[in-house]
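Chains A and B are the protein sequences, given in the same order.
Counting in the working numbering, the final residue of the first sequence is number 193, and the numbers go up one at a time with none missing.
Counting in the working numbering, the final residue of the second sequence is number 781, and the numbers go up one at a time with none missing.
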Amino acid sequence: MTTLKINGQVHEVDLSPDTPLLWTLRDALGFTGTKFGCGMALCGACTVHVDGQAVRSCVTPISALGDKPVRTIESMDADRVGKAVQDAWVELGVAQCGYCQAGQIMTATALLKDNPKPTDAQIVAAMSGNLCRCGTYTRINAAVRLASSRLSGNKTGARA
Amino acid sequence: MTRTDIQPLEQPARRRLLQAGAAFALSVQFGGLIAKADAAEAGKKYGALSMPGGVVDNPLVFVSLARDGTVTIVAHRAEMGTGVRTSLPMVVADEMEADWSRVKIVQADANEARYGSQNVDGSRSMRHFLAPMRRVGASARQMLEAAAAAQWKVPVTEVQARHHEVIHTPSGRRLGYGDLAEAAMRQPVPAHDQLRLKQPDAFRYIGKGKIVPADSRDIAQGKATYGIDVRLPGMVYAVIARPPVYGGKLRKVDSAEALKVPGVLRVVELKGYDGPPLFNPVGGVAVVASNTWAAMQGRAALKLEWDDGANASYDSAAFRRALETAARQPGKALRNDGDAVAALAAGKGQRRVSAEYYVPHLAHASMETPVATARFVDGKCEIWAPSQAPQGALESVAKHVGLDPRDVTVHLTLLGGGFGRKSMADFISEAALVSKAMGGTPVKLQWTRDDDIRHDYYHTVSVERLESTLDASGKPQAWLHRSAAPTIGSTFKVGAQGKADFEAAMTAINIPYQIPSIRLESADVPAHTRIGWFRSVSNIPHAFAVQSFVAELAHQAGRDPRDYLLELIGPARRIDPATLSDKWNYSESPDVYPLDTGRMRRVIEEASRRAGWGRKLPKGHGLGIAMAYSFVTYVATVVEVAVDAKGQITIPRVDMAVDCGPQVNPERIRSQVEGGCVMGIGLAMLGEISFQEGRVQQSNFHDFEILRSQMAPRAIHTWLVGGDFDVPPGGVGEPPVPPVAPALCNAIFAATGQRIRSLPIRDQLAQA
Numbered sequence: 034m035t036t037l038k039i040n041g042q043v044h045e046v047d048l049s050p051d052t053p054l055l056w057t058l059r060d061a062l063g064f065t066g067t068k069f070g071c072g073m074a075l076c077g078a079c080t081v082h083v084d085g086q087a088v089r090s091c092v093t094p095i096s097a098l099g100d101k102p103v104r105t106i107e108s109m110d111a112d113r114v115g116k117a118v119q120d121a122w123v124e125l126g127v128a129q130c131g132y133c134q135a136g137q138i139m140t141a142t143a144l145l146k147d148n149p150k151p152t153d154a155q156i157v158a159a160m161s162g163n164l165c166r167c168g169t170y171t172r173i174n175a176a177v178r179l180a181s182s183r184l185s186g187n188k189t190g191a192r193a
Numbered sequence: 014m015t016r017t018d019i020q021p022l023e024q025p026a027r028r029r030l031l032q033a034g035a036a037f038a039l040s041v042q043f044g045g046l047i048a049k050a051d052a053a054e055a056g057k058k059y060g061a062l063s064m065p066g067g068v069v070d071n072p073l074v075f076v077s078l079a080r081d082g083t084v085t086i087v088a089h090r091a092e093m094g095t096g097v098r099t100s101l102p103m104v105v106a107d108e109m110e111a112d113w114s115r116v117k118i119v120q121a122d123a124n125e126a127r128y129g130s131q132n133v134d135g136s137r138s139m140r141h142f143l144a145p146m147r148r149v150g151a152s153a154r155q156m157l158e159a160a161a162a163a164q165w166k167v168p169v170t171e172v173q174a175r176h177h178e179v180i181h182t183p184s185g186r187r188l189g190y191g192d193l194a195e196a197a198m199r200q201p202v203p204a205h206d207q208l209r210l211k212q213p214d215a216f217r218y219i220g221k222g223k224i225v226p227a228d229s230r231d232i233a234q235g236k237a238t239y240g241i242d243v244r245l246p247g248m249v250y251a252v253i254a255r256p257p258v259y260g261g262k263l264r265k266v267d268s269a270e271a272l273k274v275p276g277v278l279r280v281v282e283l284k285g286y287d288g289p290p291l292f293n294p295v296g297g298v299a300v301v302a303s304n305t306w307a308a309m310q311g312r313a314a315l316k317l318e319w320d321d322g323a324n325a326s327y328d329s330a331a332f333r334r335a336l337e338t339a340a341r342q343p344g345k346a347l348r349n350d351g352d353a354v355a356a357l358a359a360g361k362g363q364r365r366v367s368a369e370y371y372v373p374h375l376a377h378a379s380m381e382t383p384v385a386t387a388r389f390v391d392g393k394c395e396i397w398a399p400s401q402a403p404q405g406a407l408e409s410v411a412k413h414v415g416l417d418p419r420d421v422t423v424h425l426t427l428l429g430g431g432f433g434r435k436s437m438a439d440f441i442s443e444a445a446l447v448s449k450a451m452g453g454t455p456v457k458l459q460w461t462r463d464d465d466i467r468h469d470y471y472h473t474v475s476v477e478r479l480e481s482t483l484d485a486s487g488k489p490q491a492w493l494h495r496s497a498a499p500t501i502g503s504t505f506k507v508g509a510q511g512k513a514d515f516e517a518a519m520t521a522i523n524i525p526y527q528i529p530s531i532r533l534e535s536a537d538v539p540a541h542t543r544i545g546w547f548r549s550v551s552n553i554p555h556a557f558a559v560q561s562f563v564a565e566l567a568h569q570a571g572r573d574p575r576d577y578l579l580e581l582i583g584p585a586r587r588i589d590p591a592t593l594s595d596k597w598n599y600s601e602s603p604d605v606y607p608l609d610t611g612r613m614r615r616v617i618e619e620a621s622r623r624a625g626w627g628r629k630l631p632k633g634h635g636l637g638i639a640m641a642y643s644f645v646t647y648v649a650t651v652v653e654v655a656v657d658a659k660g661q662i663t664i665p666r667v668d669m670a671v672d673c674g675p676q677v678n679p680e681r682i683r684s685q686v687e688g689g690c691v692m693g694i695g696l697a698m699l700g701e702i703s704f705q706e707g708r709v710q711q712s713n714f715h716d717f718e719i720l721r722s723q724m725a726p727r728a729i730h731t732w733l734v735g736g737d738f739d740v741p742p743g744g745v746g747e748p749p750v751p752p753v754a755p756a757l758c759n760a761i762f763a764a765t766g767q768r769i770r771s772l773p774i775r776d777q778l779a780q781a
């Protein structure tokens with residue numbers, strides 16, 4: 034049995050300890066917001082927060098988590114920064130198919146928690162580990178800027 | 014809302030009647046164009062009516078009203094990112110004067126007899142269903158008006174539906190849509206000749222771009238359901254080891270170690286099929302487990318031996334040489350205006366120009382890999398899948414598990430991208446076969462990224478050879494295009510070679526250039542893997558070659574490439590595609606959708622004006638232009654590129670001018686154009702699938718790279734041209750892709766003097 038702390042709740046899972054967090058979340062616990070994209074930490078679709086850091090859950094075995102808290106996309110609307118990022122994503126119509134966007138939002142949220150006012154270059158650098166086959170990158174950058182601006186107290190925000 | 018609050022959708026089949034009247038209803042919308050077309054080619058079906066599922070525009074199929082005023086509209090097509098799951102119901106809501114905030118969208122299952130064509134491919138959703146969805150909405154509005162008039166006992170001419178209520182104009186009395194729900198649904202469906210469509214200036218949502226796509230919030234919160242997210246009670250998980258060479262077969266499997274992996278439940282052999290690829294599974298060995306990871310670990314523990322079969326020697330380097338050889342010899346002439354061969358032979362003393370362009374295989378690599386869930390119980394099979402072709406998937410499953418199609422149900426999830434891959438149902442049938450083998454246990458059949466990259470239906474691989482001769486003034490006197498590429502036809506017929514009509518029609522045969530002799534030839538070359546549709550299909554290699562070559566001719570002539578392109582296109586005129594030997598024209602009527610060089614000119618002029626064509630650029634920067642007409646939409650692209658001293662490429666800006674006729678949801682059009690631009694840059698910079706010994710050499714995003722944010726254009730400006738609702742609608746999903754790669758390579762030439770003729774660009778500009 035492995036004990037996991039996910040979105041503030043404790044879960045027990047009976048899985049091989051090398052099982053990646055991704056499949057544990059999705060198959061065993063039903064947190065399907067976190068997506069499979071590559072299985073090799075190449076695309077970022079599976080990004081979650083472990084102890085506040087953006088982590089690729091597809092290459093993170095559950096045995097490596099210890100008692101570190103895990104946050105997934107399902108908890109982001111209760112997070113001040115996460116909610117602001119989600120709102121910016123909806124407002125600017127970022128998603129096309131939307132499949133990668135949970136991972137994008139998790140990466141963007143971690144960025145803004147770490148660096149509330151990133152430069153354009155810092156945004157691109159932080160987001161370049163997250164692939165989007167629909168090609169929504171210009172809107173992703175604009176949405177990160179908008180969320181950053183909102184979180185800094187600008188009511189109207191900087192439009193793309 | 015309880016189930017009984019919704020009025021039943023069931024209604025005796027009026028479909029035949031409605032279809033019979035469809036041509037008339039179109040004529041209301043598109044003026045006299047379609048009537049002319051009907052007179053010219055009586056009996057030939059175009060557009061939506063040419064699709065196997067045809068058109069249904071019965072409001073009782075698509076709309077239901079609840080007593081609380083909720084309007085439920087069926088999205089009969091699945092969402093893969095273009096916005097149709099929002100935009101088509103939005104068209105209905107606008108025509109029926111429904112308040113969008115009170116509209117609920119429900120996703121249809123696969124059922125083309127009920128809903129008409131459900132294929133989300135070929136950039137056809139809005140093109141084919143704008144008019145039918147307008148008729149659905151107008152019918153519902155008139156039924157609400159008729160119900161209110163009956164209740165008030167006043168002439169229907171005295172009432173008007175407006176924003177979710179019907180108003181009796183003389184008295185000001187009002188009834189909400191909820192109050193009228195039951196009575197309205199009992200009204201007769203108006204005949205087509207009784208329908209009153211809104212004038213475009215009365216649209217509330219169409220053309221406004223104010224509607225947030227239906228699933229936006231769910232997507233941002235991780236609550237949206239894609240194919241991968243389906244969960245059923247007692248469900249197990251499966252992955253499949255497939256033959257590494259297409260056409261190969263399993264010789265031997267030892268599954269002893271696999272069965273020892275904790276969580277692995279069963280190992281199931283699946284047979285392959287002889288004959289053409291079709292949408293058949295390729296066979297292999299399925300490992301079924303209690304979770305996806307265990308299934309993957311079990312698969313890794315299989316000991317497998319394969320017979321590689323006839324494609325075991327497929328080698329991309331050798332095949333490229335074979336394509337080049339084929340493109341340097343005469344092929345089958347598909348278009349021959351004038352005598353290009355003689356003109357080229359006679360062109361002594363003139364400048365003779367020739368060039369060959371290469372585009373390799375590409376993989377779709379949608380972020381959601383193929384995945385489907387199936388439950389085969391009691392002689393019935395239920396499927397949950399991300400499908401671009403639901404009816405085809407249903408029929409394919411029925412065939413493979415041996416059921417009558419009536420015993421198969423296909424529920425549609427969101428698609429985590431498609432780009433053509435999810436038109437093929439091989440992965441859906443695999444899920445059904447494994448569930449059947451498991452005695453009915455629900456199975457989620459998951460493809461890993463490795464599976465996706467190695468077992469795709471690939472974009473073809475091609476060599477396009479172009480030759481011309483310029484007179485003293487720099488005008489081309491001949492145009493000879495020899496194309497060598499495996500055809501998609503080979504996926505449906507063993508041994509099919511040479512371009513199909515629809516492939517030739519994609520920016521190769523239908524060039525309207527003012528050149529005395531134009532000839533297109535197609536070489537017979539075989540396919541050694543499964544060839545499929547990739548977003549914009551043959552337009553990718555054809556537009557890359559044609560639009561690069563025009564810029565090369567301009568350079569040889571010492572002319573500005575934009576001005577030269579406009580001169581080749583010539584004055585504004587409407588051309589019957591058949592006069593260019595185009596037998597397809599995207600299945601649209603040549604009368605309703607003539608090739609319009611005026612629209613070509615306008616997008617070129619708009620893109621170049623907005624991009625500041627001719628402006629002074631920093632050192633190392635260049636502007637390139639290209640134009641492509643595809644899916645009856647006109648797109649011109651100007652790329653600004655910056656190449657540094659080391660040959661590193663960045664793209665500060667791209668301008669895309671698009672004329673797709675009416676702009677139903679401009680905000681989603683812009684998002685498609687931005688996405689198509691990024692995909693075009695990505696395939697030009699990085700995209701390549703290659704084979705050795707019949708095996709795909711790539712397996713994941715480290716070796717099949719797609720564009721990352723740091724390489725994407727810093728700014729993409731979309732300029733929508735036209736937009737008149739009197740013009741028939743064009744496609745949007747695919748048309749942005751074709752002009753991007755040639756515009757980029759033309760920009761690189763402007764910046765560096767180096768001409769890229771072989772994709773991907775990768776490090777071709779790298780300086781030591």
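All C-beta atoms in this analysis are idealised placements derived from N, C-alpha and C, irrespective of residue type, glycine included.
The structure presented is a predicted model; accordingly, all values stated were derived computationally and were not measured.
query: Quick one: grab the DSSP three-state call for G700/B.; result: coil
query: Of the residues G735/B, G296/B, P294/B, R312/B, which one's Cα is nearest the Cα of A302/B?; result: R312/B
query: Any chance the stretch 718-737 of chain B sits against the stretch 401-419 of chain B, with 3 or more Cβ pairs inside 8 angstroms?; result: no
query: Taking the alpha carbon of L179/A as the reference point, which residue from D47/A, T57/A, K116/A, T35/A has its own alpha carbon closest?; result: K116/A
query: Give me the Cα-Cα distance between V92/A and G429/B, rounded to the nearest whole angstrom.; result: 21 angstroms
query: I need the DSSP call for P529/B, collapsed to helix, strand or coil.; result: coil
query: Which runs of the alpha helix (DSSP H) spanning at least 4 residues fall entirely within the stretch 144-168 of chain A, listed in chain order?; result: 153-160
query: Express the C-alpha separation of P773/B and G260/B in angstroms, rounding to a whole number.; result: 28 angstroms
query: Within the 7 angstroms Cβ cut-off, does I106/A reach chain B?; result: yes
query: Just the Cα atoms here: how many angstroms apart are A385/B and K457/B?; result: 6 angstroms
query: Mapping the DSSP letters down to three states, classify L272/B as helix, strand or coil.; result: helix
query: Is the distance from the Cβ of Y370/B to the Cβ of E477/B below 7 angstroms?; result: yes
query: Using the Cα positions of A450/B and G392/B, report the straight-line distance between them to the nearest angstrom.; result: 13 angstroms
query: Does the beta-carbon of E395/B have 16 or more other beta-carbons within 10 angstroms, so that it is buried, or is it exposed?; result: buried
query: I need the boundaries of the alpha helix (DSSP H) containing M309/B, first residue and last residue.; result: 305-313
query: Anyone know if the C-beta pair for P8/B and L578/B falls short of 7 angstroms?; result: Because residue 8/B is not part of the residues shown, which for chain B are 14 to 781, the question remains open.
query: Taking only the alpha-carbon atoms, compute the straight-line gap between V105/B and D206/B and give it to the nearest angstrom.; result: 18 angstroms
query: Classify W397/B as helix, strand or coil using the three-state DSSP reduction.; result: strand
query: For the beta strand (DSSP E) containing D267/B, name the first residue and the last one.; result: 262-267
query: Would you call the stretch 112-132 of chain B and the stretch 148-155 of chain B touching, i.e. three or more CB-CB distances under 8 angstroms?; result: no
query: To the nearest angstrom, report how far apart R90/B and L425/B are at their CA atoms.; result: 9 angstroms
query: Going by other Cβ atoms of all chains shown within 10 Å of its Cβ, with 16 needed for buried, is G186/A buried or exposed?; result: exposed
query: For the stretch 378-409 of chain B, list every residue whose C-beta sits within 7 angstroms of some C-beta in chain A, in sequence order.; result: A378, S379, M380, E381
query: So what does DSSP say about N187/A, is it helix, strand or coil?; result: coil
query: Do A445/B and A387/B come within 7 angstroms of each other at the CB atom, strictly closer than that value?; result: yes
query: Which full runs of the beta strand (DSSP E) of 3+ residues lie inside the stretch 600-655 of chain B, going along the chain?; result: 634-643
query: V92/A CB to nearest chain B CB: under 7 angstroms?; result: no
query: Taking the CB atoms as reference points, tell me whether P102/A and K146/A lie closer together than 7 angstroms.; result: no
query: With distances taken from CA atoms, which of Y606/B, G247/B, G545/B is nearest P455/B?; result: G247/B
query: Please tell me whether D439/B and F292/B are closer than 7 angstroms, where the distance is taken between their beta carbons.; result: yes
query: With respect to the alpha helix (DSSP H) encompassing L581/B, which residues constitute its N-terminal and C-terminal limits?; result: 574-582
query: Quick check on DSSP: helix, strand or coil for F75/B?; result: helix
query: Nearest-angstrom Cα distance between K49/B and T305/B?; result: In this prediction, K49/B scores a pLDDT of 45, lower than 50, which makes its location untrustworthy; no coordinate-derived value is stated.
query: Near Q134/A, which residues of its chain fall below 7 angstroms by C-beta distance, leaving aside the five closest residues on each side in sequence?; result: W122, V127, A128
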